[in-house]
Amino acid sequence: MMVAGTANVFAACTAFGNWPTATPPPTGALAPPTGITATPGDGSVVLTWTAVGAATGYKVFINDGTGFGVAAVTGTTYTATGTVGAVTISNGNEYQFKIQTENKDDFGSSLFGSFSDVACATPSAGGTTTTTTTATVVTTTPTVVVTTVPATTTT
1 MMVAGTANVF
11 AACTAFGNWP
21 TATPPPTGAL
31 APPTGITATP
41 GDGSVVLTWT
51 AVGAATGYKV
61 FINDGTGFGV
71 AAVTGTTYTA
81 TGTVGAVTIS
91 NGNEYQFKIQ
101 TENKDDFGSS
111 LFGSFSDVAC
121 ATPSAGGTTT
131 TTTTATVVTT
141 TPTVVVTTVP
151 ATTTT
């Protein structure tokens, strides 16, 4: 659990245990986005990520440790605020996020890629906020690419 206003030295989230088990994406699905940042604000978290070529959209999954919310997004920025699904964003609570790419197959049906690694943030009222993100991309081939973004503190 992160404490608002403190930096996480290891720049990693300990994923909540209630994330669903990952399943291999269907053939033709895109890799997850990279470069994810989660910037907490007063009662909100702003997520940004690097666009994935050929993506027609993204699904942002929000987890508060007890429930989930899902938001459909067409760009590479999303602000989590208020209530999304079973999650209500509020100050002092850690929220974890995973992002999934969407593209269309030859018949126009949606294909959803694998989940990104978790990014987390704890909103707080004014003052210092903490951003902690990790991003790991695992392809369906034996190649594994790992990129870790260090924690940053914004005042």
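The numbers in the sequence shown follow this note's numbering, run straight up by one, and end at 155. Where a beta carbon is used, it is the ideal one built from N, C-alpha and C, also for glycine.
Residue burial classification, V60 (beta-carbon count within 10 angstroms, cutoff 16): With 16 or more other Cβ atoms within 10 Å, it is buried.
Simplified DSSP state of T23, which is helix, strand or coil: Residue state for T23 is assigned as coil, using DSSP reduced to three classes.
Per-residue burial, K98 [other beta carbons within 10 Å of its own, 16 or more giving buried]: Buried: at least 16 other Cβ atoms inside 10 Å.
Y58 to C13 span [Cα, whole Å]: Spanning the two alpha carbons is a distance of roughly 21 Å.
Touch test, the region 106-118 against the region 65-78, Cβ-Cβ under 8 Å, three pairs minimum: As far as the Cβ criterion goes, the region 106-118 does not touch the region 65-78, which means the pair count is below three.
Proximity of T66 and A86 at Cβ, strictly below 9 Å: By the CB criterion at 9 Å, T66 and A86 fall inside the cutoff.
Beta-carbon contacts of P25 that lie in its chain and below 8 Å, excluding the five residues immediately before and after: Excluding sequence neighbours, P25 sits near L111, F112, G113, S114 and T140.
7 Å Cβ shell around G126 - same chain, five flanking residues per side excluded: Excluding sequence neighbours, G126 sits near D42.
Neighbourhood of P32 by C-beta, 7 Å cutoff - its chain only, sequence neighbours within 5 removed: Within the same chain, I99, Q100, T101, G113, S114, F115, S116 and V137 come within 7 Å of P32 by CB-CB distance, once the 5 residues on both sides are set aside.
Beta-ladder partner(s) of F112, from DSSP: Listed as beta-bridge partners of F112 by DSSP are E102.
Residue nearest to T81 in terms of C-alpha spacing, selected from T34, A54, N103 and P40: Ranking the options by Cα distance to T81, first place goes to P40.
As assigned by DSSP and simplified to three states, the class of N63: Strand, per DSSP.
C-alpha gap between V73 and T88, whole angstroms: Distance from the CA of V73 to the CA of T88, rounded to the nearest whole angstrom, comes to 18 Å.
Under the three-state DSSP convention, the category A72 falls into: Strand, per DSSP.
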